[in-house]
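If you're matching them up, the sequences are chains A and B in order. Using this note's numbering, the first residue of the first sequence is number 9, and each one after it goes up by one. Using this note's numbering, the first residue of the second sequence is number 80, and each one after it goes up by one. Don't be surprised by glycine CBs; every beta carbon is placed ideally from N, CA and C. Values in this document were obtained by computation on a predicted structure and should not be read as measured data.
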Amino acid sequence: RSAQHPPITLSNLCRPRRLYISFSDVGWENWIIAPQGYLANYCLGECPFPLTAELNSTNHAILQTMVHSLDPQGTPQPCCVPVRLSPISILYYDNSDNVVLRHYADMVVDECGC
Amino acid sequence: LSLQESLLLKSLGLSAKPSPKTPIPVPPVLWRIFQRRKTQPSMNKEPVDACRVEEFDVPGDIIRVFTDQGHFIPKGQPQGQLCLRKRLYFNLSMLEEDENVTMAQLEIKFHHNSYHTSSQGQIFELRLSQPSQVSLQGMPEPRQKLLVEQSFAQLHKSLLFNLSMVARDWRMHNRNLGLVLEVAVSGGDEVNELQGLCTSIDSFLDTSLLVVTLSQQCQVSRRRR
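Take a look at the structure:
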């Protein structure tokens, strides 16, 4: 018998949500030259049973979902996490006033999965 | 918050939060690369190698442009038509311990961006040397290793030199005595004209060092791949 769950709607399934990070909001605007901010996104939502292909589930998530169905108190549902990220470049001043261009990997969430 | 912030900055490869005092304009080469990368994802769906600088075809994820902190050296005794002697010094101490230099390119730029009207037959001779020890005032000039010797006909745009080996040497031995740049002029018949060319050259000289490095983060991810 599966455990009782609240109804799952499409809107609360695991997927990327829009998040714009502005460097002025974190007080970094005086040393970061560009960009002034970027669309970073984040993952949020549920990974319910049954896990569909759209939810980018790992084999581990499938088995965790099974165990969760049997023991909802002891085992949580799989987490909604980034599965594909892309880099961005940041142009900034270092402490000696040199201009630096650095490539940072894994800065933008493109896809989420369970 | 400041502790949390410094931990986050450290994760991003920065030892402290920078606070620029006299910010310089962004070098055009960095601005061009930044703009190209910004537009790349929408045009090209291929995954971008974050650990390679395509523009220079070298491994690396950090590009810095160092401004020259050297000073002009008095010419001393007249030596032919020596126009200028200048110490070039680039403070590479900002590089983190775990960064590997994959490319260093010296740019000598002449702001006089048009052909000199009277430079007919005259040739400038450029010499770039690496001193092996500190020079003391009033003492004979110490031995120098000649790195580059090049002639150029006109004061035009800029000259580029590959100094990757030199920059690696500075890092490896933790000893950076800078470089010595000499520009002389030869050719032509009019001594006054040659001197005229000479006196103006130092007023529009600008030097910078572009350095590409591969950070620890990239070295780990490359090994994993």
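Straight-line gap, proline 138 of chain B to cysteine 297 of chain B (C-alpha atoms, nearest Å)
Roughly 9 angstroms separates the two Cα atoms.
Quick one: is leucine 18 of chain A buried, meaning 16 or more other Cβ sit within 10 Å of its Cβ, or exposed?
It is exposed - the Cβ of leucine 18 of chain A has fewer than 16 other Cβ atoms within 10 Å.
C-alpha gap between leucine 258 of chain B and leucine 185 of chain B, whole angstroms
A straight-line Cα-Cα distance of about 11 angstroms links leucine 258 of chain B and leucine 185 of chain B.
Are the CB atoms of leucine 52 of chain A and glycine 121 of chain A within a distance shorter than 8 angstroms?
No Cβ-Cβ contact shorter than 8 angstroms links glycine 121 of chain A with leucine 52 of chain A.
Go ahead and label leucine 260 of chain B buried or exposed: buried means 16 or more other beta carbons lie within 10 angstroms of its beta carbon, across all protein chains shown.
Label assigned to leucine 260 of chain B: buried.
Taking the DSSP output, what are the residues bridged to histidine 111 of chain A?
Answer by DSSP bridge pairing, in chain order: A:Ser97.
I want to verify the contact list: residues of chain A whose CB lies under 7 angstroms from the CB of aspartate 140 of chain B, in sequence order.
Correct list: Arg110 and His111.
Tell me glycine 45 of chain A's beta-bridge partners as DSSP assigns them.
Answer is A:Ser30, bridged to glycine 45 of chain A.
How would you list, in chain order, the residues of chain A whose beta-carbon sits under 7 angstroms from the beta-carbon of arginine 116 of chain B?
Residues of chain A passing the Cβ test: Ser97.
Using a Cβ-Cβ distance under 8 angstroms, would proline 99 of chain B count as near chain A?
So yes, proline 99 of chain B belongs to the interface.
Tell me whether the beta-carbon of isoleucine 70 of chain A lies closer than 8 angstroms to the beta-carbon of tyrosine 46 of chain A.
Contact: no.
Does DSSP classify leucine 93 of chain B as helix, strand or coil?
Of the three classes helix, strand and coil, the one that applies to leucine 93 of chain B here is coil, per DSSP.
May I ask you to list the residues that DSSP assigns as paired with leucine 123 of chain A?
Past the boundaries of the shown model lies residue 123 of chain A; chain A is included only from 9 to 122, so the question cannot be answered.
Looking at C-alpha atoms only, which residue of B:Pro99, B:Gln209, B:Lys236 and B:Ser243 is the closest neighbour of glutamate 228 of chain B?
Of B:Pro99, B:Gln209, B:Lys236 and B:Ser243, the smallest CA-CA separation from glutamate 228 of chain B is found for B:Gln209.
Give a yes or no on whether the minimum CB-CB distance between isoleucine 29 of chain A and chain B is below 8 angstroms.
False, the Cβ-Cβ gap to chain B never drops below 8 angstroms.
List, in chain order, every chain B residue whose beta-carbon is nearer than 7 angstroms to that of alanine 42 of chain A.
Within 7 angstroms Cβ-Cβ: Phe113.
Looking at chain A, is there any beta carbon in it that lies within less than 8 angstroms of the beta carbon of leucine 91 of chain B?
Answer yes: the Cβ-Cβ gap between leucine 91 of chain B and chain A drops below 8 angstroms somewhere.
How long is the line joining the alpha carbons of leucine 225 of chain B and leucine 256 of chain B, rounded to whole angstroms?
Rounded to whole angstroms, the separation of the alpha carbons of leucine 256 of chain B and leucine 225 of chain B is 14 angstroms.
Here's the rule: buried if 16 or more other CB atoms are within 10 angstroms of the residue's CB, otherwise exposed. What is tyrosine 101 of chain A?
Taking all protein chains shown into account, tyrosine 101 of chain A has 16 or more neighbouring C-beta atoms within 10 Å of its C-beta and is therefore buried.
Straight-line CA distance for tryptophan 110 of chain B to leucine 99 of chain A?
One Cα belongs to tryptophan 110 of chain B, the other to leucine 99 of chain A, and the distance between them is close to 8 angstroms.
Sort B:Phe145, B:Gln160 and B:Ile202 by Cα distance to methionine 173 of chain B and report the nearest one.
Nearest C-alpha to methionine 173 of chain B: B:Phe145.
Leucine 27 of chain A versus histidine 111 of chain A - alpha carbon distance:
Taking the straight line from one Cα to the other gives about 20 angstroms.
Give me, in chain order, the residues of the same chain whose beta-carbon lies closer than 7 angstroms to that of alanine 42 of chain A; leave out the 5 immediate sequence neighbours on both sides.
Excluding sequence neighbours, alanine 42 of chain A sits near Leu99.
Taking the alpha-carbon of alanine 76 of chain B as reference, which of B:Leu205, B:Ile142 and B:Phe151 has the nearest alpha-carbon?
Nothing can be reported for residue 76 of chain B: it is not among the residues displayed for chain B, which extend from 80 to 304.
Establish whether the CB of tyrosine 101 of chain A and some CB of chain B are separated by less than 8 angstroms.
It does: the Cβ of tyrosine 101 of chain A has a partner Cβ on chain B nearer than 8 angstroms.
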